[in-house]
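Engineer:
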Amino acid sequence: MDTVIGRETTLRDNSGSVSRTMSEDVSLGRFDDVSGYLRTLTWINLFLAAQLVVGLTYAAVVDANTPNVHYYFIPFIWITISALAVWYTRPVTRSFKYVAIAASVAIAYFLVILYLSGMVMPIRSIAEPGPSGLVVEWDRPLGWSPIVDYTGSWVSVRLIPYQVIGYLALSYLLYTAVLNISSSIYTGVVGLVTCPGCAAPVLAPLLAGAAGTSSAFVFMVNYTHEIATVLFVLAVGLLYWQPTLDEFSHAFSTRLRALTGGVAVAVAGLHLFHPTLGLPRLLEYVQLGTLYDPRPLLFTLSGLAIFVGIVLVATDFVDVPNRHLYALGIGLVLAYLIGYVAWHTVLEHGAFWPHIEAHGHHDQGVLETVVAHLLDDVHALASKTTEVVLLVLLVVLYRRER
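Residue numbering for the sequence shown follows the numbering used here, starting at -18 and increasing by one per position.
1) If we count the other Cβ atoms within 10 Å of its Cβ and call it buried at 16 or more, is Leu151 buried or exposed?
2) Closest to Ala339 by CA distance: which of Leu328, Gly346, Gln345 is it?
3) Report the residue ranges of all alpha helix (DSSP H) runs contained in full by the stretch 53 to 117; include only those spanning at least 4 residues, in chain order.
4) Consult DSSP for Val327 and reduce its assignment to one of helix, strand or coil.
5) Should Ala216 be labelled buried (16 or more other beta-carbon atoms within 10 Å of its own) or exposed?
6) Could you please give the first and the last residue of the uninterrupted alpha helix (DSSP H) stretch that includes Tyr131?
7) Looking at Ile146 and Ser63, is the spacing between their C-beta atoms short of 7 Å?
8) Below 7 Å between beta carbons: does that hold for Phe213 and His252?
9) Can you find the residues in the same chain that come closer than 8 Å, C-beta to C-beta, to Asn(-5), ignoring five residues on each side of it along the sequence?
10) Return the residue from the list Thr157, Leu154, Trp125 that minimises the CA-CA distance to Gln144.
11) According to the Cβ coordinates, are Arg20 and Leu160 closer than 7 Å?
12) Which residue or residues does DSSP assign as beta-bridge partners of Arg139?
13) Would you kindly work out how many angstroms separate the C-alpha atoms of Thr61 and Pro335, rounded to a whole number?
14) If we ignore side chains and look at the alpha-carbon of each, how far apart do Val301 and Ala295 end up?
15) Given a threshold of 16 other Cβ atoms within 10 Å of its Cβ, counted over all protein chains shown, does Tyr391 qualify as buried or as exposed?
16) Give a yes or no on whether the C-beta atoms belonging to Ala239 and Ile287 are separated by under 7 Å.
17) For Val314 and Glu207, what's the separation of their Cα atoms in angstroms?
18) Going by alpha carbons, who is nearest to Asn303 out of Ala361, Arg381, Val116?
19) Determine the direct distance from the alpha carbon of Thr23 to that of Leu285, and round the result to whole angstroms.
20) Give me the Cα-Cα distance between Ile55 and Tyr39, rounded to the nearest whole angstrom.
21) What's the gap between the Cα of Ile104 and the Cα of Trp59?
22) With a threshold of 16 other CB atoms inside 10 Å of the CB of Leu92, please say whether the residue is buried or exposed.
23) Give every residue of the same chain whose Cβ lies closer than 8 Å to the Cβ of Leu374, excluding the five residues on either side of it in the sequence, and list them in chain order.
24) Taking the alpha-carbon positions, what's the Val35 to Leu140 distance?
25) Tell me which residues share the same chain as Pro277 and place their Cβ nearer than 7 Å to its Cβ, disregarding the 5 neighbours each side in the sequence.
26) With H, G and I counted as helix, E and B as strand and the rest as coil, what does DSSP make of Leu219?
27) Give me the DSSP bridge partner(s) of Leu123.
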């Protein structure tokens, strides 16, 4: 019979001996879960480390050049996300007819996306075709190269490795989604609509040309690969997860606090490790004995405050209502946003500080000045965008606590 002792359920056979307890099952289950997570993280870290070693070795051997350091990381993101998504995706078993249909859709999708991205084009669409034949370029970082160029009588091909890998992964995920289309038709449609956005490196310049000197379109031209990377990750996530609208809504509702914590970590990291205004610069000022700019101190303190707030909400270590912590977070984010606008307008880039020379923008309006600064600084744009998202999430959590 079953004997209940506290929160344990002990199973006894007819002879009265204990065979197993529920607590042991729970403990073993938790151990298996943790072990699985650790194993997965270990493989991911090994994969990233292998890419890093190979990439640095390749760059040193071929003397690769790149316009920006972060360009090195774009192929890492595409290749890692692609490998993980394909590794953890298993297609359902279907008859040959359904497999053939799904494979045809995936192949057609792959060819279309190669065309939209400009990697495969009819030769007649090129105004000044280069020399015929096969050429391999090796002078870029690994992932960007080796680039395979081929010009024939009918077609021109320019294959960039990391993009080809990413598009193959998307096609495979679409293949599995079509096989499971009875329960994930929404995802298939979203994937088809979203994934062509990965062709932003080709589409954005065309839009920019039509828009003249519009700063928004100029931004798209300058950061087309970054935009394409964000859209790629979004498309992979949707095709891998395959959520229905109800599932998405439920997951958002039940995991809102965790999502907010993740965004808060991103905001804190963007300020603590700002390339010129974060903790490293503050330590530099400490060594020099002079605070030449107040922002490194403010960024460091506010970033640490965010981490403290996350710990307090997650652990209930201090008896402070979460609603009060959310309110403090809202105030801090508003200070970030308002402070950014004020710094570049009424404060004239810190004219009040003794070590900063004033330089304002008296010939521009407030909105025009702020937009120009954001489009000129990708770190600031990422930071302000993340802060706005965090502000919305904190307001939702605050209203829930009422």
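Glycine included, every Cβ here is placed at the ideal spot set by N, Cα and C.
Structural biologist: So, from the data block:
1) Flag for Leu151 reads buried.
2) Of the candidates Leu328, Gly346, Gln345, Leu328 places its Cα closest to the Cα of Ala339.
3) Entirely contained in the stretch 53 to 117, the alpha helix (DSSP H) runs reaching 4 residues are, in chain order, 54 to 68, 77 to 97.
4) Here Val327 sits in coil by DSSP.
5) Burial state of Ala216 is buried, judged by a 10 Å Cβ sphere holding 16 or more other Cβ atoms.
6) No alpha helix (DSSP H) holds Tyr131; the beta strand (DSSP E) holding it covers 128 to 132.
7) Yes, these two residues count as a Cβ contact at 7 Å.
8) Taking 7 Å as the Cβ cut-off, Phe213 and His252 do not qualify as a contacting pair.
9) In this prediction, Asn(-5) scores a pLDDT of 48, lower than 50, which makes its location untrustworthy; the coordinate-derived value is nonetheless stated afterwards. Result list for Asn(-5): empty, nothing under 8 Å.
10) Closest option to Gln144, judged by alpha-carbon separation, among Thr157, Leu154, Trp125: Trp125.
11) Contact flag unset, no.
12) Arg139 pairs with Asp130.
13) Going by the C-alpha atoms only, they are around 47 Å apart.
14) Using only the alpha carbons, I get a separation of about 12 Å.
15) No answer is possible for residue 391: it lies beyond the span of the chain, which begins at -18 and ends at 383.
16) In this structure, Ala239 sits away from Ile287, with a CB-CB distance that is not shorter than 7 Å.
17) The alpha-carbon separation between Val314 and Glu207 amounts to approximately 25 Å.
18) Checked all of Ala361, Arg381, Val116; the closest Cα to Asn303 is Arg381.
19) C-alpha separation (whole angstroms): 28 Å.
20) Distance between the alpha carbons of Ile55 and Tyr39: 16 Å.
21) Going from the Cα of Ile104 to the Cα of Trp59 covers about 28 Å.
22) Under this definition Leu92 is an exposed residue.
23) Cβ-Cβ distances below 8 Å link Leu374 to Leu237, Leu240, Thr241, Val244 in the same chain, with the five nearest sequence neighbours on each side left out; the list follows chain order.
24) Taking the straight line from one Cα to the other gives about 20 Å.
25) For Pro277, where only same-chain residues beyond five positions count, the Cβ hits under 7 Å are Leu258, Gly259, Arg262, Leu263, Tyr266.
26) Helix.
27) DSSP output for Leu123 lists Ser126 as bridge partner(s).
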